[in-house]
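Accompanying notes for the structure given below.
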Amino acid sequence: MEIQADNYTVWHDSASATVYFQGFLRLNGIEEYQPIMDLLVAAIEASPNLTVNLQKLEFLNSSGISMLSMFVVRARQRGDVQLTLHGTDTILWQTKSLKNLQRLMPTLTLAFT
Numbered sequence: 027m028e029i030q031a032d033n034y035t036v037w038h039d040s041a042s043a044t045v046y047f048q049g050f051l052r053l054n055g056i057e058e059y060q061p062i063m064d065l066l067v068a069a070i071e072a073s074p075n076l077t078v079n080l081q082k083l084e085f086l087n088s089s090g091i092s093m094l095s096m097f098v099v100r101a102r103q104r105g106d107v108q109l110t111l112h113g114t115d116t117i118l119w120q121t122k123s124l125k126n127l128q129r130l131m132p133t134l135t136l137a138f139t
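Residues 27 to 139, numbered by the working numbering, are exactly what the sequence shown covers, in order.
Have a look at this one:
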């Protein structure tokens with residue numbers, strides 16, 4: 027499954043149980059993020075051991091961070107999800123925001139490169 031636009035791409039590689047984000051995500055409001063949330067939810071339905079790779083996501087606005095937070099809470103509520111977020115310490119929003127997601131799901135694994 028893939029969502030592609032001019033400034034970003036989000037896709038699920040089921041073989042590696044990884045959802046990749048790339049580009050600049052500046053959608054208006056949580057409603058516009060719903061297709062991405064649906065992709066993430068479908069990915070944990072397919073494999074509860076999921077990696078979300080954000081290393082090539084240059085920018086995510088506050089609505090996108092809210093969507094990601096809601097996804098993490100949903101994963102935590104399932105109880106059987108092993109979630110790993112891969113980020114990079116060279117992109118400022120990732121170093122700040124991804125650590126906060128760990129507060130929502132203490133079993134969340136964070137990996138920075």
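For every residue, glycine included, the Cβ atom is placed at its ideal position computed from N, Cα and C. Just so we're clear, the structure is a prediction, and the values are computed from it rather than from any experiment.
- request: Using DSSP bridges, identify the partner residues of residue 28.
  value: In the sequence shown, the residue the question calls residue 28 occupies position 2. Answer by DSSP bridge pairing, in chain order: 37.
message: Quick check on DSSP: helix, strand or coil for residue 53?
response: Numbered from its first residue, the sequence shown carries residue 53 at position 27. Reduced to three states, the DSSP call for residue 53 is coil.
- request: May I ask you to report which of helix, strand or coil DSSP gives residue 90?
  value: For the purposes of this step, residue 90 is identified with residue 64 of the sequence shown, where counting begins at 1. DSSP places residue 90 in helix when its eight states are reduced to three.
query: For residue 118, is the classification buried or exposed, using 16 other Cβ atoms within 10 angstroms of its Cβ as the cut-off for buried?
result: One-based indexing of the sequence shown puts residue 118 at position 92. By the neighbour-count rule (16 or more Cβ atoms within 10 Å), residue 118 is not buried but exposed.
message: Given this structure, state the Cα-to-Cα distance separating residue 28 from residue 37, to the nearest angstrom.
response: By one-based count along the sequence shown, residue 28 stands at place 2. By one-based count along the sequence shown, residue 37 stands at place 11. So the alpha carbons of these two residues sit roughly 4 Å apart.
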